[in-house]
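S.K.: Protein chains in written order, with our numbering: chain P, 184 to 544; chain G, 171 to 353. Here a beta-carbon is modelled for each residue, glycine too, at the ideal position from N, C-alpha and C. Being a predicted model, the structure only gives us computed values, none of them experimental. Before I ask anything, here is the structure I am working with.
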């Protein structure tokens with residue numbers, strides 16, 4: 184008996200020494216981001232422009248790591264600074280809350296409220312990570328950022344490739360629309376109907392310095408009530424280059440619907456955007472990054488409709504933006520942009536001017 | 171008998187729990203051996219950092235040292251000193267990133283490697299091509315993203331953390347060299 188105890192003491196003390204070498208300590212971490220926006224827009228023919236000052240998003244990240252393998256991560260978001268019960272007047276959302284098991288570089292899993300991996304902005308939406316004041320329209324109408332829900336994911340990294348695969352709650356087929364695509368169909372983890380699950384997979388390649396390129400596939404036979412579903416497939420590709428003072432982003436995506444059996448008329452939504460910017464920071468010898476940039480985007484949430492006709496033009500928008508972003512450090516950004524958005528059917532144009540300030544930590 | 175079984179189980183779990191410790195040391199020495207050649211001899215030392223030097227570097231780089239010591243392997247081939255391998259950690263978003271920098275005898279970086287990355291996101295900093303950017307850098311280098319280091323989309327925090335972490339070791343090099351060259 185005694186020798187066991189001695190042996191145990193020996194092993195415990197030697198393990199303690201080893202544990203020191205392991206560097207990890209259990210720890211809770213706080214993080215967050217937020218953004219203040221000043222938006223001005225004037226529609227063709229209108230006598231007055233609309234002006235708003237909006238603290239669009241305030242987010243707290245809270246995480247805890249029990250061991251280096253087991254941790255918890257969450258993201259709580261207050262949108263539009265005030266909640267009074269309906270979405271238009273503000274939202275309080277738990278966008279992420281999951282248990283993470285990180286086995287090694289090649290494999291880990293997450294269970295809880297998670298993010299499907301589609302495009303850049305859905306998983307990485309901190310304001311200093313995109314150039315425009317508002318998130319790209321593409322990341323609203325084609326990929327319904329922030330798209331989150333209850334489910335599980337596996338992820339990992341193999342050499343220069345990384346992957347994530349997600350199974351989560353599906354979309355509400357009855358809320359898929361010509362004007363907003365799948366945006367209103369998100370169930371947001373709220374007693375989500377699990378009749379039909381959503382499957383999502385993404386692969387990225389990081390082998391060239393400054394470049395990330397990848398694509399994703401999402402499929403859900405969106406449940407729309409008894410015996411009715413709209414088969415929904417979102418395929419997108421994305422690439423971003425940030426090196427040699429050049430910042431270039433391109434994203435392109437299609438949503439294909441099949442709801443003919445229940446008389447759903449939309450067959451396809453499509454969109455893309457590209458950003459081109461140049462960092463003047465080092466040539467002007469200033470601390471931080473000063474980036475003039477240009478964006479062109481086009482999207483159509485009902486690009487192909489049964490019977491065709493003007494229905495295919497009513498939700499088709501073209502937009503350009505010219506902007507200037509200043510990042511005194513990676514975590515803080517000040518933004519300004521100016522541009523125009525035009526509807527293809529009405530030919531009506533909105534002139535837009537936006538100012539923004541954002542942070543992350 | 172019951173107690174014996176419990177003790178054995180306990181031993182088993184205690185050892186499982188701390189297994190990665192050996193893994194870090196083994197992996198580090200494997201990396202150094204591969205880099206320096208198998209004829210190289212390694213001498214390990216836990217090196218306490220002079221508090222004044224530690225503070226000066228922390229202020230200059232704007233990042234704290236993980237501990238008040240670093241792990242150093244002195245690399246010799248025969249009688250001649252080839253360089254030093256230095257193991258340290260920086261915090262990413264919330265977990266330590268364990269990394270290794272191998273220096274020549276003048277303080278120039280020969281190679282850099284991520285020994286252990288623990289977060290779900292940002293692991294792209296372990297990519298060989300990206301880490302190769304540090305090779306050849308020394309005290310005079312900027313260690314600045316966009317100047318001599320490229321950004322990685324989706325790994326902003328890790329890129330900043332590791333860049334500063336490597337810079338700290340570069341600034342610490344002369345201290346390391348003076349402290350253990352003749353040991």
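For the putative contact between residue 194 of chain G and residue 262 of chain G, defined by C-beta atoms under 8 Å, what is the C-beta separation to the nearest angstrom?
M.R.: Position 24 of the second chain holds residue 194 of chain G. Position 92 of the second chain holds residue 262 of chain G. Their Cβ separation, rounded to whole angstroms, is 16 Å, which puts residue 194 of chain G and residue 262 of chain G out of contact at 8 Å.
S.K.: In angstroms with no decimal places, state the Cα-to-Cα distance between residue 315 of chain P and residue 519 of chain P.
M.R.: For this step, residue 315 of chain P is matched to residue 132 along the first chain. For this step, residue 519 of chain P is matched to residue 336 along the first chain. Rounded to the nearest angstrom, the two C-alpha atoms are 7 Å apart.
S.K.: Which runs of the beta strand (DSSP E), 3 residues or longer, sit entirely within the stretch 397 to 483 of chain P?
M.R.: Runs found: 412 to 426, 429 to 441 and 449 to 461.
S.K.: By alpha-carbon positions, which one of P:464, P:258, P:392 and P:444 ends up nearest to residue 408 of chain P?
M.R.: Residue 408 of chain P sits at position 225 when you count from the first residue of the first chain. Cα-wise, what sits closest to residue 408 of chain P is P:444.
S.K.: In the DSSP assignment, what are the bridge partners of residue 266 of chain G?
M.R.: Along the second chain, read from residue 1 onward, the residue named residue 266 of chain G stands at position 96. Answer by DSSP bridge pairing, in chain order: G:261.
S.K.: Going by DSSP, what residues sit across from residue 256 of chain G in a beta bridge?
M.R.: Numbered from its first residue, the second chain carries residue 256 of chain G at position 86. The partner list for residue 256 of chain G (beta bridge, DSSP) reads G:242 and G:271.
S.K.: Which of the three DSSP states, helix, strand or coil, is assigned to residue 231 of chain G?
M.R.: Counting from 1 along the second chain, the entry for residue 231 of chain G is found at position 61. Three-state DSSP puts residue 231 of chain G in a helix.
S.K.: Please check if any C-beta of chain G sits within less than 8 Å of the C-beta of residue 395 of chain P.
M.R.: The residue given as residue 395 of chain P occupies position 212 in the first chain. Output row for residue 395 of chain P: interface = yes.
S.K.: Could you give the DSSP three-state label for residue 283 of chain G: helix, strand or coil?
M.R.: In the second chain, the residue the question calls residue 283 of chain G occupies position 113. Residue 283 of chain G falls in the strand class under three-state DSSP.
S.K.: Measure from the C-beta of residue 391 of chain P to each C-beta in chain G and report whether the shortest distance is under 8 Å.
M.R.: Along the first chain, one-based indexing puts residue 391 of chain P at 208. Yes - at least one Cβ of chain G is within 8 Å of the one on residue 391 of chain P.
S.K.: Please state whether the Cβ-Cβ distance between residue 417 of chain P and residue 390 of chain P is less than 8 Å.
M.R.: Taking the first chain and counting its residues from 1, the one referred to as residue 417 of chain P is at position 234. Taking the first chain and counting its residues from 1, the one referred to as residue 390 of chain P is at position 207. In this structure, residue 390 of chain P does not lie closer than 8 Å to residue 417 of chain P by Cβ.
S.K.: Anything in the stretch 235 to 261 of chain G with a Cβ closer than 8 Å to a Cβ of chain P? List those residues in chain order, please.
M.R.: From the stretch 235 to 261 of chain G, only 236 and 259 have a Cβ closer than 8 Å to chain P.
S.K.: Scan the stretch 313 to 393 of chain P and note each continuous alpha helix (DSSP H) run of 4 residues or more that stays entirely inside, going in chain order.
M.R.: Here the runs fully enclosed are 321 to 324.
S.K.: Between which two residues does the alpha helix (DSSP H) harbouring residue 257 of chain P extend?
M.R.: Taking the first chain and counting its residues from 1, the one referred to as residue 257 of chain P is at position 74. Residue 257 of chain P -> not in any alpha helix (DSSP H); beta strand (DSSP E) instead, spanning 253 to 262.
S.K.: Hey, does residue 293 of chain G have any beta-carbon neighbour from chain P nearer than 8 Å?
M.R.: By 1-based counting over the second chain, the position of residue 293 of chain G is 123. Taking Cβ atoms only, chain P reaches closer than 8 Å to residue 293 of chain G, which makes this a yes.
S.K.: For the stretch 208 to 221 of chain P, enumerate the residues whose C-beta is nearer than 9 Å to any C-beta of chain G, in chain order.
M.R.: Result list: 208, 210, 211, 212 and 214.
S.K.: Please tell me whether residue 388 of chain P and residue 415 of chain P are closer than 8 Å, where the distance is taken between their beta carbons.
M.R.: As a first step, residue 388 of chain P is located in the first chain; it is residue number 205 there, counting from the start. As a first step, residue 415 of chain P is located in the first chain; it is residue number 232 there, counting from the start. The answer is no: Cβ separation not under 8 Å.
S.K.: Can you give the beta carbon distance from residue 337 of chain G to residue 235 of chain G, rounded, assuming they're within the 8 Å contact cut?
M.R.: If you number the second chain from 1, residue 337 of chain G lands on position 167. If you number the second chain from 1, residue 235 of chain G lands on position 65. 12 Å between Cβ atoms; not a contact.
S.K.: Report the neighbours of residue 263 of chain G on chain P: residues whose CB is nearer than 8 Å to its CB, in chain order.
M.R.: By 1-based counting over the second chain, the position of residue 263 of chain G is 93. Here the neighbours are 212, 214 and 246.
S.K.: In angstroms, rounded to a whole number, what distance separates the CA positions of residue 270 of chain G and residue 243 of chain P?
M.R.: Stepping through the second chain from its first residue, residue 270 of chain G is reached at position 100. Stepping through the first chain from its first residue, residue 243 of chain P is reached at position 60. Residue 270 of chain G and residue 243 of chain P: Cα-Cα distance of roughly 33 Å.
S.K.: Roughly how many whole angstroms lie between the Cα atoms of residue 470 of chain P and residue 307 of chain G?
M.R.: As a first step, residue 470 of chain P is located in the first chain; it is residue number 287 there, counting from the start. As a first step, residue 307 of chain G is located in the second chain; it is residue number 137 there, counting from the start. About 21 Å.
S.K.: In the structure shown, what three-state DSSP assignment does residue 213 of chain G receive?
M.R.: Indexing the second chain from 1 puts residue 213 of chain G at position 43. Note: residue 213 of chain G maps to strand in three-state DSSP.
S.K.: Have a look at residue 276 of chain P and residue 318 of chain P and give me their C-alpha separation to the nearest angstrom.
M.R.: Start at 1 with the first residue of the first chain, and residue 276 of chain P comes out as number 93. Start at 1 with the first residue of the first chain, and residue 318 of chain P comes out as number 135. Near 18 Å, if we compare the C-alpha coordinates of residue 318 of chain P and residue 276 of chain P.
S.K.: Let me see if you follow: with CB-CB separation under 8 Å, is residue 340 of chain G close to chain P or not?
M.R.: Locating residue 340 of chain G in the second chain gives position 170, where the first residue counts as 1. Answer no: the Cβ-Cβ gap between residue 340 of chain G and chain P never drops below 8 Å.
S.K.: Candidates P:217, P:502 and P:484: which alpha carbon is nearest residue 495 of chain P's?
M.R.: Sequence index remark: in the first chain, residue 495 of chain P carries index 312 (1-based). Closest option to residue 495 of chain P, Cα to Cα, is P:484.
S.K.: Is the Cβ-Cβ distance between residue 376 of chain P and residue 402 of chain P less than 8 Å?
M.R.: Here the question's residue 376 of chain P lines up with position 193 in the first chain. Here the question's residue 402 of chain P lines up with position 219 in the first chain. No, the Cβ-Cβ distance between residue 376 of chain P and residue 402 of chain P is not below 8 Å.
S.K.: Check whether the stretch 505 to 521 of chain P touches the stretch 530 to 539 of chain P, taking contact to mean three or more Cβ pairs, one atom from each stretch, closer than 8 Å.
M.R.: Yes: at least three Cβ pairs fall under 8 Å.
S.K.: I believe residue 279 of chain P touches residue 257 of chain P by the beta-carbon criterion, under 8 Å. Please report the beta-carbon distance rounded to the nearest angstrom.
M.R.: As a working note, residue 279 of chain P is residue 96 in the first chain. As a working note, residue 257 of chain P is residue 74 in the first chain. Right, the Cβ-Cβ distance comes to about 6 Å (below 8 Å), so this counts as a contact.
S.K.: Output the boundary residues of the alpha helix (DSSP H) element that contains residue 314 of chain G.
M.R.: Residue numbering aside, residue 314 of chain G sits at position 144 when the second chain is read from its first letter. No alpha helix (DSSP H) contains residue 314 of chain G, which DSSP labels as neither H nor E.
S.K.: Spatial neighbours of residue 449 of chain P within its chain, please: CB distance less than 7 Å, with the 5 preceding and 5 following residues excluded, ordered by chain position.
M.R.: Here residue 449 of chain P refers to the residue found at position 266 when the first chain is read from its first residue. Excluding positions up to five away in sequence, the list reads 361, 440, 485 and 488.
S.K.: Please confirm whether residue 406 of chain P has its beta-carbon closer than 8 Å to some beta-carbon of chain G.
M.R.: Working through the first chain from its first residue, we reach residue 406 of chain P at position 223. No - not a single Cβ of chain G is within 8 Å of the one on residue 406 of chain P.
S.K.: Mark residue 190 of chain G as exposed unless 16 or more other C-beta atoms lie within 10 angstroms of its C-beta, in which case mark it buried.
M.R.: Position 20 of the second chain, counted from the first residue, corresponds to residue 190 of chain G. Reliability fails at residue 190 of chain G, whose pLDDT of 42 lies under 50, so the model's placement of it is uncertain and no value is given.
S.K.: List the residues of chain G that residue 426 of chain P touches, going by C-beta distances under 9 Å, in chain order.
M.R.: Along the first chain, one-based indexing puts residue 426 of chain P at 243. By Cβ distance, chain G contributes 316, 320 and 321.
S.K.: Between the C-alpha atoms of residue 283 of chain P and residue 530 of chain P, what's the straight-line distance to the nearest angstrom?
M.R.: On the first chain, residue 283 of chain P is found 100 positions in, with the first residue counted as 1. On the first chain, residue 530 of chain P is found 347 positions in, with the first residue counted as 1. Roughly 49 Å separates the two Cα atoms.
S.K.: Would you please state the rounded distance, in angstroms, between the beta carbons of residue 247 of chain G and residue 210 of chain G? I believe it to be under 8 Å.
M.R.: As a working mapping, residue 247 of chain G is identified with position 77 in the second chain. As a working mapping, residue 210 of chain G is identified with position 40 in the second chain. Residue 247 of chain G to residue 210 of chain G, Cβ: 5 Å. Contact.
S.K.: Assign residue 224 of chain G to one of three DSSP states: helix, strand, or coil.
M.R.: Along the second chain, read from residue 1 onward, the residue named residue 224 of chain G stands at position 54. In this structure, residue 224 of chain G counts as helix in the three-state DSSP scheme.
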